[in-house]
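If you want this note's numbering, it's the position in the sequence shown, counting the first as 1, plus 218. The structure appears right after this line, and notes come after that.
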Amino acid sequence: MFSVLISLSSFGAAEVGRHGQAWATGLAYEAGVDSVEVRGELLRNPASELAALKGHAAVYSSPEGLWTADGQLDTTALQTGLARAVALDAPRLKMAIGGFHATRSRDSLEALREALARTPVELVIENDQTPTAGTLDALLAFFDAQQAAGLDLGMTFDMGNWHWLGECPLEAARALAPRVRYVHAKGVQRRPDKWVAVPLAESAAPWRAVLRALPADVPHAIEYPLIGDDLTAVTRAEIAALRQLRTAA
Numbered sequence: 219m220f221s222v223l224i225s226l227s228s229f230g231a232a233e234v235g236r237h238g239q240a241w242a243t244g245l246a247y248e249a250g251v252d253s254v255e256v257r258g259e260l261l262r263n264p265a266s267e268l269a270a271l272k273g274h275a276a277v278y279s280s281p282e283g284l285w286t287a288d289g290q291l292d293t294t295a296l297q298t299g300l301a302r303a304v305a306l307d308a309p310r311l312k313m314a315i316g317g318f319h320a321t322r323s324r325d326s327l328e329a330l331r332e333a334l335a336r337t338p339v340e341l342v343i344e345n346d347q348t349p350t351a352g353t354l355d356a357l358l359a360f361f362d363a364q365q366a367a368g369l370d371l372g373m374t375f376d377m378g379n380w381h382w383l384g385e386c387p388l389e390a391a392r393a394l395a396p397r398v399r400y401v402h403a404k405g406v407q408r409r410p411d412k413w414v415a416v417p418l419a420e421s422a423a424p425w426r427a428v429l430r431a432l433p434a435d436v437p438h439a440i441e442y443p444l445i446g447d448d449l450t451a452v453t454r455a456e457i458a459a460l461r462q463l464r465t466a467a
């Protein structure tokens, strides 16, 4: 089902650090969002914050990769992510594959399958901004391996992250669309020294074609800076814009 979420990092690490993710969640709902994505890297007191946010989030985003740099399944990171999603009553946990290696990591896929069989939480895999977990080749190799191991994991497709690695988002969308169950609707612009995240309507990327290649009936999240004197009004306008752009695409 199409719904609009806000990744709470969109309000800025400084603002969220000052006020907390419960404050950001309240602002998002006041602006008319359908749900939010809680960010693990922004938690300051996980136990109390997760309790306060219970029932208000659709996704818990873990900052840790599923596999370590040497290709070992990071069971601690996995169990922490699952436990926090359960504490939130969030149906989805979002993680990147980290240091997954098609050969060295293959045997650990069975342990991942067994862990996921014991929880109601759905794990979705995001393309991040690292070479091991954010390129099309890396993601295709992982999804082929997990399918062969009896898993059926879906994907969080971040429209912007491909640019950090010089990848084509449209090629990735066409290749991975059957796996996509959640979209980070993030535009990009190129500054002299780096890429930056911006609203889709301001993006230098072919975002309309990418949206058309992706499923329309999955949640879409805002994950770019939301800034302004009237932050509720800014957020409300961006929510409306994303709904309109997705419908028009």
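Cβ atoms here follow ideal geometry from the backbone N, Cα and C, with glycine treated the same way. This structure is a prediction, so every number in the text was calculated from the model and none was measured.
Hey, which unbroken runs of the beta strand (DSSP E) at 3 residues or more fall wholly within the region 381-451?
398-403, 405-408, 413-416 and 438-440
Taking the DSSP output, what are the residues bridged to residue 373?
343 and 398
Please determine, among 329, 278 and 236, the residue with the shortest C-alpha to C-alpha distance to residue 258.
278
Compute the beta-carbon to beta-carbon distance between residue 398 and residue 361, rounded to the nearest angstrom, for a pair I have assumed lies under 8 Å.
About 11 Å; that fails the 8 Å criterion.
Residue of 226, 363 and 344 minimising C-alpha distance to residue 330
363
If you follow the alpha helix (DSSP H) that residue 232 is in, where does it begin and where does it stop?
231-237
On the DSSP bridge list, what partners appear for residue 312?
279 and 342
By DSSP, does residue 271 sit in helix, in strand, or in coil?
helix
Using the C-alpha atoms, what's the distance from residue 366 back to residue 250?
41 Å
Per the DSSP calculation, residue 255 is bridged to which residue(s)?
225 and 277
Beta-bridge partners of residue 300, as assigned by DSSP:
Looking at the DSSP assignment, residue 300 forms no beta bridge with any residue, so it has no partner.
Using a 10 Å radius around the Cβ and a threshold of 16 neighbouring Cβ atoms, would you call residue 405 buried or exposed?
buried
Would you mind stating whether residue 185 and residue 291 have Cβ atoms separated by less than 8 Å?
What is shown of the chain runs 219 to 467, which leaves residue 185 out entirely.
Specify the secondary structure class of residue 291 as computed by DSSP and reduced to three states.
strand
Which word fits residue 453, buried or exposed, when buried means at least 16 other C-beta atoms lie within 10 angstroms of its C-beta?
buried
Looking only at C-alpha atoms, which of 323, 266, 325 and 440 sits nearest to residue 306?
266
With respect to the alpha helix (DSSP H) encompassing residue 331, which residues constitute its N-terminal and C-terminal limits?
327-335
By the DSSP assignment, the alpha helix (DSSP H) with residue 363 in it spans what residues?
354-366
Report all residues from its chain with a CB closer than 6 Å to the CB of residue 378; omit the five preceding and five following residues, and keep chain order.
404, 406 and 415
Measuring CB atoms only, is the region 444-460 touching the region 422-430, in the sense that at least three cross pairs come out at less than 8 Å?
no
Which word fits residue 272, buried or exposed, when buried means at least 16 other C-beta atoms lie within 10 angstroms of its C-beta?
exposed
Per DSSP, what kind of secondary structure is residue 284 in: helix, strand or coil?
strand
Inter-residue spacing [alpha-carbon to alpha-carbon] between residue 256 and residue 444:
16 Å
Could you check the C-alpha separation between residue 297 and residue 310 for me, to the nearest Å?
13 Å
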